[in-house]
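Just so we're aligned, residue 6 is where the sequence shown starts under the numbering used here, counting upward by one.
The beta-carbon is built from N, C-alpha and C at its ideal position, and this holds for glycine as well.
Since the structure is predicted, the reported quantities are computational estimates derived from the model, not experimental observations.
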Amino acid sequence: MKSWSSLAAVAAALLAGCGGLIPPRAPLPATAAINKPTAQGAFIGADNPHVAQEPVPDDWWRLYDSRPLDALVQQALAANTDLRVAAANLHKAQSALDLASAAREPSTTLSASPSFGRRSAQEELHPGKPFPSKFVYGAGFSVSYQADLFGQIQRSIDAAQADLGSATAARDAARVTVVAETTRAYLELCSAGREIVVAQGQVDLQSRSTAFTRTLAAHGRGTPVDVDRSSTQEEQVRASIPTLEAQRRVAMYRLAALTGRTAQELPKELGQCDQEPRLAQPIPIGDGAGLLRRRPDIRRAEFDVLSASDRIGVVTGDLYPKVVLGASIASVGVDQHAFRNDSFKFSLGPLISWEFPDRTRVKARIRGAEADREAALARFDGVVLAALKETESALEVHARDQERRAILQRARAQAQNAARDTQRLFEAGRLGYLPVLDALRTLAQVEQSVAAAESRVAADQVNLFLALGGGWREGKPARSAGPN
């Protein structure tokens with residue numbers, strides 16, 4: 006009893022002298038990019054009349070007020086293969102957290118070891134007559150519990166919780182991307198359909214002009230050269246249609262993959278869309294503070310920083326003793342005396358282990374963990390700055406493409422007037438056919454440019470929503486958790 010008391014006193018003194026030495030979770034540095042006042046304010050491109058400083062809605066694609074688009078998005082969210090992978094990774098992270106949390110619970114072991122054999126007389130230092138063969142058994146139960154005196158287990162749980170938050174943010178980022186790509190594919194499908202209609206209209210116009218020129222040539226008011234020129238221009242406009250058809254089909258195939266289906270399973274009416282849905286209001290963009298709270302990739306990078314910080318504490322815990330409280334009871338003997346009083350044994354007491362001489366290696370691992378946190382902080386700053394850059398760039402491109410579309414629309418009106426006037430003058434015999442051909446060629450080019458500009462603006466809108474983070478706000482931002 007005296008020796009046990011002395012051992013307990015020494016252990017208590019050692020543990021008391023080492024208590025509370027694992028550092029707490031380090032907060033984000035004040036110099037982090039996310040803490041800059043300039044990152045929290047209004048965007049530089051917020052003065053565009055096509056955007057509004059209002060909160061970004063969670064279901065932003067519904068601003069298009071399109072039932073087919075909404076149905077496609079819902080199907081993609083339910084069946085997209087990337088989202089299935091993200092969900093599996095989330096379940097894996099939850100399992101890792103459950104495993105880390107289990108370290109706080111007592112562990113139990115139940116054992117049984119029946120056997121038949123003979124012991125060696127020589128081994129037992131009884132040479133001579135061999136020992137008889139016997140049935141031998143062993144059965145026991147043990148329980149152990151590691152006392153988390155220095156917080157190492159808790160820091161492991163904290164790291165697993167941060168990893169779960171990172172996996173949740175990764176899933177949300179995948180959702181944002183899937184929704185944006187589904188919306189983009191549908192808009193491209195409809196834009197290609199609209200451009201096909203425009204091209205067919207130009208082909209019809211040029212075809213009528215060719216027929217009229219052929220009639221004039223037959224009556225001596227034109228030449229075969231005029232007919233050939235008009236036919237050539239008609240075929241040039243017609244040549245753009247196969248490319249647009251291919252774009253429409255490719256968009257259909259993308260929609261099929263995004264929604265977890267084959268191309269044959271898509272509704273046939275999707276291929277008949279010839280007008281992409283339009284936004285009936287300015288795009289809500291919020292501000293920098295809202296963006297930094299909303300974007301899942303920022304939240305993921307922030308959780309990665311916390312996880313790296315917690316793992317510094319986990320490695321630091323190896324500097325200090327580990328105390329495991331244990332108890333066991335067992336019965337061992339030959340089968341004839343099974344579970345008799347003389348077959349029982351038990352033990353009760355703490356197990357203290359301390360890799361005291363190996364501190365150099367532990368400190369090297371600590372430095373490695375600290376370097377991992379520095380790298381995570383650098384990546385976090387990079388993600389924040391990239392998010393701000395992407396949003397400002399998307400705002401700028403969207404604004405300039407809106408201006409370009411407006412200019413081209415005015416040019417189209419002028420080209421339509423010029424084509425109409427030259428056609429009338431030609432029909433009145435006051436102009437040759439070459440000015441009519443030039444006017445029609447200009448009109449066709451401007452019409453195609455306007456159609457392409459409309460498609461580009463539609464793509465710009467999706468890019469802007471994607472840069473804004475898509476509106477998902479699931480999962481608590483890491484920086485709100487504070488140090489533990």
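CB-CB length for residue i against residue j, believed under 8 Å
{"i": "PRO287", "j": "PRO29", "result": "Actually they are not in contact, since the Cβ atoms of PRO287 and PRO29 sit about 46 Å apart, beyond 8 Å."}
{"i": "ARG180", "j": "LEU249", "result": "ARG180 to LEU249, Cβ: 31 Å. No contact."}
{"i": "VAL232", "j": "THR218", "result": "5 Å"}
{"i": "GLU239", "j": "THR215", "result": "5 Å"}
Residue i and residue j closer than 8 Å at C-beta
{"i": "ASP377", "j": "ALA332", "result": "no"}
{"i": "ASP5", "j": "PHE146", "result": "For residue 5 there is no data in the structure shown, the boundaries of the chain being 6 and 489."}
{"i": "ALA204", "j": "GLN252", "result": "no"}
{"i": "THR113", "j": "VAL78", "result": "no"}
{"i": "GLN157", "j": "GLY322", "result": "yes"}
{"i": "ALA51", "j": "ILE290", "result": "yes"}
{"i": "LEU275", "j": "TYR69", "result": "no"}
{"i": "VAL451", "j": "ALA420", "result": "yes"}
{"i": "ALA175", "j": "ALA105", "result": "no"}
{"i": "LEU393", "j": "ALA44", "result": "yes"}
Among the options, nearest to residue i - alpha-carbon criterion
{"i": "THR188", "options": "SER118, PRO282 and GLU240", "result": "PRO282"}
{"i": "CYS195", "options": "GLY46, CYS278 and PRO289", "result": "CYS278"}
{"i": "GLN414", "options": "ALA381, ALA144 and ALA457", "result": "ALA457"}
{"i": "TYR142", "options": "ARG425, ILE371, PHE344 and LEU330", "result": "PHE344"}
{"i": "ARG305", "options": "LEU296, ALA37 and LEU169", "result": "LEU169"}
{"i": "GLU200", "options": "GLN241, GLY318, SER460 and LEU130", "result": "SER460"}
{"i": "LEU473", "options": "ARG180, LEU297, PRO119 and ALA117", "result": "LEU297"}
{"i": "ALA144", "options": "ALA424, THR447, LEU115 and ALA167", "result": "LEU115"}
Alpha-carbon spacing of residue i relative to residue j, whole angstroms
{"i": "LEU471", "j": "SER235", "result": "45 Å"}
{"i": "GLN159", "j": "PRO326", "result": "15 Å"}
{"i": "GLN269", "j": "ALA262", "result": "11 Å"}
{"i": "GLY480", "j": "LEU382", "result": "Bear in mind that a pLDDT of 46 at GLY480, under 50, signals an unreliable position, so the number given afterwards is only what the model happens to contain. GLY480 and LEU382: Cα-Cα distance of roughly 20 Å."}
{"i": "GLY293", "j": "LEU469", "result": "14 Å"}
{"i": "GLY24", "j": "SER352", "result": "The predicted position of GLY24 is uncertain, since its pLDDT is 45 and thus under 50; no value can be drawn from it."}
{"i": "ASN489", "j": "ALA411", "result": "Confidence at ASN489 is low in this model, with a pLDDT of 44, below 50, so the placement of that residue is unreliable and no value is reported for it."}
{"i": "PRO32", "j": "ALA152", "result": "27 Å"}
{"i": "ALA35", "j": "LEU192", "result": "43 Å"}
{"i": "PHE361", "j": "SER171", "result": "35 Å"}
{"i": "VAL367", "j": "PRO111", "result": "27 Å"}
{"i": "LYS41", "j": "GLU408", "result": "32 Å"}
{"i": "LEU26", "j": "PHE385", "result": "28 Å"}
{"i": "PRO132", "j": "SER358", "result": "40 Å"}
{"i": "ALA399", "j": "ARG213", "result": "42 Å"}
{"i": "ARG243", "j": "GLY265", "result": "35 Å"}
{"i": "ILE246", "j": "VAL255", "result": "14 Å"}
{"i": "GLU379", "j": "VAL388", "result": "14 Å"}
Close beta carbons around residue i, own chain, < 8 Å, minus the five adjacent residues each side
{"i": "THR267", "result": "ALA261"}
{"i": "LYS350", "result": "ILE334, ALA335, SER336 and VAL337"}
{"i": "ALA18", "result": "Note on ALA18: pLDDT 47, under 50, position unreliable in the model; the coordinate value appears next. So no residue of the chain qualifies."}
{"i": "LEU57", "result": "The identity of residue 57 in the sequence shown is Ala, whereas the question assumes Leu. So the qualifying residues of the chain are GLN286, PRO287, ILE288, PRO289 and ILE290."}
Nonlocal neighbours in the same chain, by C-beta distance under 7 Å from residue i, ignoring five residues either side
{"i": "GLU186", "result": "LEU263"}
{"i": "LEU436", "result": "THR427 and LEU430"}
{"i": "PRO122", "result": "The sequence given here places Gly at residue 122; Pro does not occur at that position. Around GLY122: SER138 and VAL141."}
{"i": "ASP87", "result": "ALA179 and VAL183"}
{"i": "GLN280", "result": "CYS195 and ARG199"}
Own chain partners of residue i with C-beta closer than 6 Å, once the 5 adjacent residues on each side are dropped
{"i": "ARG259", "result": "ALA190"}
{"i": "VAL329", "result": "SER149, GLN151 and LEU356"}
{"i": "ASP465", "result": "VAL402, HIS403 and ASP406"}
{"i": "ALA444", "result": "ALA423, ALA424 and THR427"}
Residue i Cβ short of 7 Å to the ligand ZN heavy atom set
{"i": "ALA420", "result": "As far as ligands go, the structure on display features none, and thus does not contain the ligand ZN."}
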